[in-house]
Structure formats: structure tokens, C-alpha cells
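A.B. asks: Mind having a look at this structure? Questions to follow.
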Amino acid sequence: MEFDKIIPHVGGFGRCHKTLAALACLPNLLVALSFFSSVFFTLIPNHHCRPDRQLLPEILRNVSEIQLLNYSLPLPTDDDDDGGGGGDGQAAAWSRCRLLRYGASQLLPNGSVACTRGWHFEPSAGLQTNVVVQWNLVCKNYWKIPLEQVGYSIGWAVGFLTLGTVVDGLGRRSTFILSVVGVIILHVGISVSVDFIMFLVFRMFSGIALAGLFLSAYVARLEMCDPPHRLVIMITASICTVVGEMLLPGLAELCRNWRILQGVVTTPFLILLLYWCIPSMFPESPRWLLATRQIGKCKQILQGIAIGNGVNVEDELYTQCNLFNEMNSVFEKPTQFRSYTFCDMTTARTTWKNILILGFTTFIGNGIQHCFSKNLVGYSPNFYLKYFVIAGAEGVALFFLYFTVNKFGRRGILLFSTIFTGLSSLLLLALIQYLHKGVHLTLSILGLVSACSVSILSIFFASEVVPTVVRGATLGLIMATGCIGKATSPIMDLHNKHGYFLHHVVFASFAVLSVLCIMLLPESKRKPLPDSIKDGENQRRPPMLLFRNKDRVPLLHSKQNGNYNPESYSKLVTSTKKVLANNIPIQSQDPTRGSVIKKTQESAI
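Next comes the structure, spelled out in C-alpha cells:
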């Protein structure tokens, strides 16, 4: 049975479905607060070495504080092993990692040494005290910051890969509850970390738990929607993510300390424990239950949804043809739970083709975003301006997808966004020395918007073309490639921020290459979700443009009535067959006519 044909029988996308979809969007807000807090935890403020009077000659040891800085700190050089710095993008007045050294009786410096008394950190945007300030992650220890960012991205990738399989094995609800409990425990561990190693380990494992929570909510939210509402719910959930990203700077300004901010971010996850206590707030996906032959649980959840929508599935014209009896007729024998893994997809070439292509575009969309956002640093020293421009670009991308994807199709908009991303990258690479600053900034912002569109649409497109029985594992694989794309930026930071030009060239080339691959994808607009592996294999690639042949006009052109409903007609036909099969007499004023009809029914039996 196709689940999309069952949804109208339980009230369609009614009140209960809308409530469940809204509850499934709430985790995106909380996940965004936790995910983007990493930006403030590892933000490097402007800093310099604390002056050491012992390195000065005796005649200079009693100078004022301002003069002490001028005599102790050298001018900034490119050799500072800090890898950059400055939370607000301001140029440093002194070297961040060196102190001037004087001889015993000399008034002129004869060299420099590393910081001997620690560092002085200036107030920066957001938090006054973060992990960089607390554990002095600057200069020689700067490499620990990109290491933490890479580890966090790897944690998300591992979570998508491992818990994606659990989503298909244990179910969407069980994985969600397990991930919520894990997130709360691991976030508490982060807030009480005593050193950087403990912080790094807990952050990595919290990424695994957050990935499972995000993936299970994404899949459950998608599977409860009918085709017309899938895009709207995806956009709504993504807007919740952008809202969480926008709210985080305000929370950081209020907390001022990273441990307090971590506690504030962790507390709302306790609300999600209500989903565990009240199963009706986050039920198991009936689509997945039906696809894996768990008919009893599926009937129970469908009954609750129908009651929530104000529909009594037993109250039909003939009880012999109600929804549950039709399910019993399809599954006459007792069924046993059947789980699927990647091993069951060894011959699913079409599904694997779609997974590889959409995984590739997700990798490009996430990896190339930093190439555009890096161009925004030189236009304003304000950290918040860059932060809100990036968040606003995601919001603009969502509105762009909302107004175009259902009209022009998933494949066409993904192709357009990828072409625009590659074109913007190539223009910035080839003409960066000749473009006006305004044109350069405009191309960077538009390229960022198109890159966000590619990453968001690739994941949504993949969720519509992969089968239900392996949707968690395959979607987790695609999301993991996006995390690897995000990890490429901090990997460049490990090399002291060298190699970004090559990074940009590689991703621009990938964007151009992916244009040819997107042409091989099917179109999923207004189509039911594939439930079995066979359904996934039956998807075919339609032509990009449909041209009507005007030379072959039919002789008789009939316009279909807009009030015609094929489902109501098929329901009427089914009810009539039940009447004939059960020998129900039909009342008639003409006794002769009635006897003829009754004899006709007996002969048919």
C-alpha cells in the first residue's frame, strides 16, 4: 500500500498533522543554538603579550603602562604564529606573540622572545571569556582551535553515518529520544570541562548525539507530510534554524561567559524530554512502520492521527471497505518486522546514483560557503555584521527555494543554483583584481546565497528520492558529506591559513563538474515518496524541458472538470463492488425490476 494514498483517509494534512509538524520543527531551533555556539566559543579576541619588566633595562622598568607597552611590544609581522586573530577583524597595533628583549645596559632592543607572562585579551564580540581566553589558545597553541572545529565536524559526520542506520533499525522516535538524552548528558560534560582535552572529547561526542537528533527529526517530519506540504514544512524547520542562529548573539551578550552560555543552550533540551513522556507529541513514523511491515503499530498511530484530525475511520458508507479492513486484506497473513541496510541495496544502481550525485552537491554547497564568507572580512571590522550577513543569506536562500522549487521543480532549481555558484566563484577567482569593491561584495553575497540553496535543496531532494526503508542511512550518508565539506575550512586553518586560493579553485571546479551530474537526477515534485527499494529504482530521469508538439493536435479536446476527484470515484466503485459481493438488496419501486436485479446479483455470485 502507498502511504500517500492513506493520508486522505485519516483527515489529510489536518489539525493533528500540522501540530506534529510544528513540534518536529522545534528541535531545529535548539540544535541551531548548540551548533553555532562554537563560533563564540572559539572566537579569537585581539590580544598581545603581557609586558615583562624584567626584560627591560633598569632605566625603563619604572615607566608608565602605556610607555611600557611601546617599549615591550614589537610591531606586528607576518611571522606571528598566531594564524590571525582579532575577534572584530581589527588590525593589531603590536605583535601578538612576541616581546622585545634588551641587553643589560642597552636602550635599544637586540631581539625578541616569546611571551613570558601570558597574554592580555581585549573585550571582543559576544563572550567576554571563552575557551580561547581561559586556556590561552593563541600563538603556539593556536592549532588547537581548528583542531576542535575539525573534531566537531567529524563528530557530526560520524553521528550521521552511525545513527542514520539506527534510525532505520530502531525507528525515528527511538533514535530521537536516545539522542536527546545523550545531548543533555554530553552538554553538561562540556560545561564542567576542566581542560581543553576534556572539552574537545565532549564536543566531539555531543556532535554525534546532535546529528542523530537532527536526522531523526528531519526524517520523521518529512514522512508525515503529503506531497503538497513537504516543501513548506522543510522551509519552516529551516527558518527555525535561522532564527536560532539569529538569537545566539543576544544570548552570548547576556551570558558573557562560555560556561553560562553552554548551560543556557543545554536547558531547553529538557523540554524535548516531554516527547519521551508523551508519545503523541512525537509518534513513530507510520510510513516507516508500514514499509517495514509493523502493521499493528501502524494502525494504532493512524487511529490516533485520525482522531486528532476529527475523522472516524470506522464511520464509512460500508464498514467492509474502511481503511483498516483494506490494510487487513492487503496483509492477510501475520507480518514480521523487516529492517533494511546498505547490504540490501547492492543492486539498486539508480538509488546509488542519486545518492552519490546529491552527496557530491551537498559537499560542494557546504564547502564553498567559506570561500564566499571569507571575502566579507575585509569590508567591515565588525564581527556581528559578517555573522548576520551569513545568517541572512541562509534566510534569503530559503525564501528563494519556497517561491521557485514547487514551480520549476527540484532538479531545475538545483541546476540553476549550482551554475550560479560556480559562475560566481569563477568570476571572483579570475577578475578579483579588476572588480570594483561593490561588485566584489555583491558577487560574494549572491554566491553565498546560491551555495546555501545548493546545500539545503540537495538534502531535501535526497530525502524525496531515497526509499523509506533506508532513508535514515542514505540521508545520513549525504549529510555526512556536507559535514566533511564544512571541515575543509578549519583544515586550512591548521596550515596557518595557507592554501585558501587552491581551496577556492578546487570547489569552483567541483561546482562546474556537478552541473553535468545533476542532469541525471529524477524529478520528485508532487510525487509520492518511494517506500521500498523497488520504488526507488523505478524513478526515471524526465527531460529538462517539455515541448508540446503543435503539429499533432487531437481531433477532440476535452477539458477535465475541475471538481472531478479520482479518489472519490474509486471509492464509489469499491463500495459498489462490496454491495454486489455481499448480495445487499437494492430497493426499487418496480417489483419486477427489483427481482431482475436480484437474480442478476445471484447469477454474478
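Residues 717 to 1321 (the working numbering) are what the sequence shown spells out, left to right.
Yeah, the Cβ is synthetic: ideal placement off N, Cα and C, and Gly gets one too.
#1: Keeping to the same chain, check which residues put their C-beta closer than 8 Å to that of ALA1178; ignore five residues upstream and five downstream.
#2: Rounded to a whole number of angstroms, what is the C-alpha to C-alpha distance between LEU1101 and PRO943?
#3: Rounded to the nearest angstrom, what separates GLY960 and SER1205 at their Cα positions?
#4: Contact defined as beta carbons within less than 8 Å: I believe ARG766 pairs with ARG833. What is the distance between those atoms, to the nearest angstrom?
#5: At what residue ranges does the segment 1151 to 1205 contain a whole run of the alpha helix (DSSP H), taking only runs of 4 or more?
#6: Going straight from the alpha carbon of ILE994 to that of VAL1165, what length do you get?
#7: Express the C-alpha separation of GLY1108 and ALA1064 in angstroms, rounding to a whole number.
#8: Using the C-alpha atoms, what's the distance from VAL866 back to CYS971?
#9: Considering only residues of the same chain and omitting the five flanking positions on each side of ALA1227, which have a CB-CB separation below 7 Å?
#10: Using a Cβ-Cβ cut-off of 7 Å (strictly less than) and excluding sequence neighbours within five positions of PHE915, which residues of its own chain qualify?
#11: Quick one: what's got a C-beta closer than 6 Å to ASN1091's C-beta in the same chain, skipping five residues either side?
#12: Expressed to the nearest angstrom, what Euclidean distance is found between the alpha-carbon atoms of ARG1264 and PHE1176?
#13: Select from LEU886, SER1171, GLY871 the residue whose C-alpha is nearest the C-alpha of VAL899.
#14: Have a look at PHE1104 and MET962 and give me their C-alpha separation to the nearest angstrom.
#15: Let's test the definition: count the other Cβ atoms within 10 Å of the Cβ of LEU1145 and tell me whether it reaches 16, buried, or not, exposed.
#16: Within its chain, find whatever has a CB closer than 6 Å to the CB of ILE1106; leave out the 5 residues flanking it on each side and keep chain order.
#17: With a Cβ-Cβ cutoff of 8 Å, do LEU902 and ALA925 count as a contact?
#18: How about the segment 827 to 845 and the segment 753 to 763: do they share at least three Cβ pairs that are nearer than 8 Å?
#19: Report the option in TRP974, ARG937, VAL1222 whose CA atom is closest to the CA atom of ARG1003.
#20: In chain order, what residues of the same chain have a beta carbon less than 7 Å from the beta carbon of LEU989, not counting five sequence neighbours either side?
#21: Ordered along the chain, which non-local residues of its own chain (more than five positions away) have a Cβ less than 7 Å from that of GLY979?
#22: What's the C-alpha gap between THR1120 and CYS831?
#23: DSSP state of THR845, grouped into three classes?
#24: Counting Cβ pairs, one atom from each stretch, are 3 or more of them under 8 Å apart for the segment 875 to 883 and the segment 722 to 729?
#25: If I measure Cβ to Cβ from LEU1131 and keep anything under 6 Å in the same chain, skipping five residues before and after, which residues do I get?
#26: Please list the terminal residues of the continuous alpha helix (DSSP H) segment that includes CYS732.
#27: Which of helix, strand or coil does DSSP assign to GLY727?
#28: Could you have a look at CYS855 and say whether DSSP puts it in helix, strand or coil?
#29: Quick check: what's the CA-CA separation for VAL958 versus SER750?
#30: Determine the contact status of LEU815 and LEU789, defining contact as a CB-CB distance below 8 Å.
#31: Using 10 angstroms around the beta-carbon of THR891, count the other beta-carbons present and answer buried if the total reaches 16, otherwise exposed.
#32: When you compare only the Cα positions, how much space is there between ARG1009 and ASN744?
#33: Within the continuous alpha helix (DSSP H) that includes VAL1231, where are the two ends?
#34: Determine the extent of the alpha helix (DSSP H) in which ARG919 is found, giving its start and end residues.
#35: Kindly indicate which three-state DSSP category TRP810 falls into: helix, strand or coil?
#36: In whole angstroms, what separates the C-alpha of GLN1276 from that of LYS1243?
C.D. replies: By the coordinates alone:
#1: The residue given as residue 1178 occupies position 462 in the sequence shown. Around ALA1178: ASN1070, ILE1071, LEU1074, GLY1075, THR1078, THR1190, LEU1191, ILE1194.
#2: On the sequence shown, position 385 is the one that residue 1101 refers to. On the sequence shown, position 227 is the one that residue 943 refers to. Near 38 Å, if we compare the C-alpha coordinates of PRO943 and LEU1101.
#3: As a first step, residue 960 must be located in the sequence shown, where it is residue number 244. As a first step, residue 1205 must be located in the sequence shown, where it is residue number 489. Rounded to the nearest angstrom, the gap between the Cα atoms of GLY960 and SER1205 is 23 Å.
#4: Reading the sequence shown from its first residue, position 50 is the one you call residue 766. Reading the sequence shown from its first residue, position 117 is the one you call residue 833. Right, the Cβ-Cβ distance comes to about 4 Å (below 8 Å), so this counts as a contact.
#5: 1153 to 1181
#6: As a first step, residue 994 is located in the sequence shown; it is residue number 278 there, counting from the start. As a first step, residue 1165 is located in the sequence shown; it is residue number 449 there, counting from the start. Their Cα atoms are separated by approximately 39 Å.
#7: Numbered from its first residue, the sequence shown carries residue 1064 at position 348. Numbered from its first residue, the sequence shown carries residue 1108 at position 392. The C-alpha of GLY1108 is placed about 39 Å away from the C-alpha of ALA1064.
#8: For the purposes of this step, residue 971 is taken as residue 255 along the sequence shown, with counting starting at 1. For the purposes of this step, residue 866 is taken as residue 150 along the sequence shown, with counting starting at 1. In a straight line, the C-alpha of CYS971 is about 26 Å away from that of VAL866.
#9: Here residue 1227 refers to the residue found at position 511 of the sequence shown. Contacts found: ILE1080, ILE1084, THR1134, THR1137, GLY1138, SER1141.
#10: By one-based count along the sequence shown, residue 915 stands at place 199. These residues qualify, in order along the chain: VAL847, ILE906, SER909.
#11: As a working note, residue 1091 is residue 375 in the sequence shown. Excluding positions up to five away in sequence, the list reads SER1160.
#12: The residue you call residue 1264 lines up with position 548 of the sequence shown. The residue you call residue 1176 lines up with position 460 of the sequence shown. Residue confidence is low: ARG1264 scores 49 on pLDDT, short of 50, so the model does not pin down where it sits. Its coordinate-derived value is still stated next. Approximately 30 Å, taken between the alpha carbons.
#13: Within the sequence shown, the letter at position 183 stands for residue 899. The residue with the shortest Cα to Cα distance from VAL899 is GLY871.
#14: Counted from its first residue, the sequence shown places residue 1104 at position 388. Counted from its first residue, the sequence shown places residue 962 at position 246. Those two C-alpha atoms are separated by around 7 Å.
#15: Position 429 of the sequence shown, counted from the first residue, corresponds to residue 1145. With fewer than 16 other Cβ atoms within 10 Å, it is exposed.
#16: Taking the first residue of the sequence shown as position 1, residue 1106 is located at position 390. Excluding positions up to five away in sequence, the list reads SER1089.
#17: Here residue 902 refers to the residue found at position 186 of the sequence shown. Here residue 925 refers to the residue found at position 209 of the sequence shown. Yes, Cβ-Cβ distance for LEU902 and ALA925 is below 8 Å.
#18: Between the segment 827 to 845 and the segment 753 to 763 there are three or more C-beta pairs closer than 8 Å, enough to call the two in contact.
#19: Taking the sequence shown and counting its residues from 1, the one referred to as residue 1003 is at position 287. ARG1003 has its Cα closest to that of ARG937, out of TRP974, ARG937, VAL1222.
#20: Here the question's residue 989 lines up with position 273 in the sequence shown. Cβ within range, chain order: VAL896.
#21: Walking along the sequence shown from the start, residue 979 turns up at place 263. SER907.
#22: To locate residue 1120, count along the sequence shown from 1; it is residue 404. To locate residue 831, count along the sequence shown from 1; it is residue 115. So the alpha carbons of these two residues sit roughly 56 Å apart.
#23: As a working mapping, residue 845 is identified with position 129 in the sequence shown. Correct three-state label for THR845: strand.
#24: no
#25: For the purposes of this step, residue 1131 is taken as residue 415 along the sequence shown, with counting starting at 1. Residues ILE1234 of the same chain have their beta carbon placed closer than 6 Å to that of LEU1131, with the five preceding and five following residues left out of the count.
#26: Locating residue 732 in the sequence shown gives position 16, counting from the first residue. That run of the alpha helix (DSSP H) goes 731 to 757.
#27: Here residue 727 refers to the residue found at position 11 of the sequence shown. It is coil, neither helix nor strand.
#28: The residue you call residue 855 lines up with position 139 of the sequence shown. If DSSP states are grouped into helix, strand and coil, CYS855 belongs with the helices.
#29: Locating residue 958 in the sequence shown gives position 242, counting from the first residue. Locating residue 750 in the sequence shown gives position 34, counting from the first residue. Approximately 13 Å between the Cα atoms of the pair.
#30: What you label residue 815 is simply residue 99 of the sequence shown in a count that begins at 1. What you label residue 789 is simply residue 73 of the sequence shown in a count that begins at 1. For LEU815 and LEU789, yes; Cβs fall inside 8 Å.
#31: As a first step, residue 891 is located in the sequence shown; it is residue number 175 there, counting from the start. Looking at its Cβ environment, which holds 16 or more other Cβ atoms inside 10 Å, THR891 is buried.
#32: Position 293 of the sequence shown, counting from 1, holds the residue named residue 1009. Position 28 of the sequence shown, counting from 1, holds the residue named residue 744. Straight-line spacing of the CA atoms in ARG1009 and ASN744 works out to 30 Å.
#33: In the sequence shown, residue 1231 corresponds to position 515, counting from 1. Element bounds for VAL1231: 1216 to 1234.
#34: Taking the sequence shown and counting its residues from 1, the one referred to as residue 919 is at position 203. In the DSSP annotation of this structure, the continuous segment of the alpha helix (DSSP H) that includes ARG919 starts and ends at 912 to 939.
#35: What you label residue 810 is simply residue 94 of the sequence shown in a count that begins at 1. Shown here, TRP810 sits in coil according to DSSP, grouped into three states, outside any helix or strand.
#36: As a working mapping, residue 1276 is identified with position 560 in the sequence shown. As a working mapping, residue 1243 is identified with position 527 in the sequence shown. Low confidence applies here, because GLN1276 scores a pLDDT of 45, under 50, leaving its location unreliable and the question unanswered by this model.
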